[in-house]
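Encoded as structure tokens, the structure appears first; notes follow it.
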Amino acid sequence: MELVVAVYELSEQYPKSELYGLTSQTRRSAVSIPSNIAEGRRRGSKKEYCQFLIIAYGSGSELETQIEIAKRLPFSKGLQFDKVTKPLDEVMRMLNRIISSLRS
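The numbering of the sequence shown is my numbering, which starts it at 18 and goes up by one.
So, in structure tokens, the structure goes:
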């Protein structure tokens, strides 16, 4: 959840011309991570939970890519990406560990 808040705070600083582009995509990817974790947890089976964690991991990968794109664009000068990249890295490592443990 903290990652989602950080993404919203960062993307709020994107130009208004990106509202329906990068801002929207970045926010959707971020929200998708905890949403899929929650849905998978409530599904009831280990297999379904793992599948939803994999989807959450994929959303995290999308978010990583979108952040890298934003970093390369002219408007990104001075934005504090560390507030997103550090928690995102932590979330991705946690998801990877949980998925690995559920598969074994």
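Note that CB positions come from ideal geometry on N, CA and C, so glycine has one too. Since this is a predicted model, take the numbers as computed values, not measurements.
Between the CA atoms of residue j and residue i - distance to the nearest angstrom
{"i": "Q83", "j": "F69", "result": "21 Å"}
{"i": "R60", "j": "Y66", "result": "7 Å"}
{"i": "I54", "j": "S34", "result": "31 Å"}
{"i": "E29", "j": "T40", "result": "8 Å"}
{"i": "T102", "j": "E26", "result": "13 Å"}
{"i": "P32", "j": "D106", "result": "25 Å"}
{"i": "S49", "j": "V22", "result": "13 Å"}
Span of the alpha helix (DSSP H) around residue i
{"i": "M18", "result": "No alpha helix (DSSP H) holds M18; DSSP gives it neither H nor E."}
Nearest-angstrom beta carbon gap, residue j and residue i [assumed within contact, 8 Å]
{"i": "I115", "j": "I71", "result": "So it is not a contact: roughly 10 Å between Cβ atoms."}
Between the region 69 to 78 and the region 90 to 99, do three or more beta carbon pairs fall short of 8 Å? Contact between the region 69 to 78 and the region 90 to 99 is absent, with fewer than three C-beta pairs closer than 8 Å.
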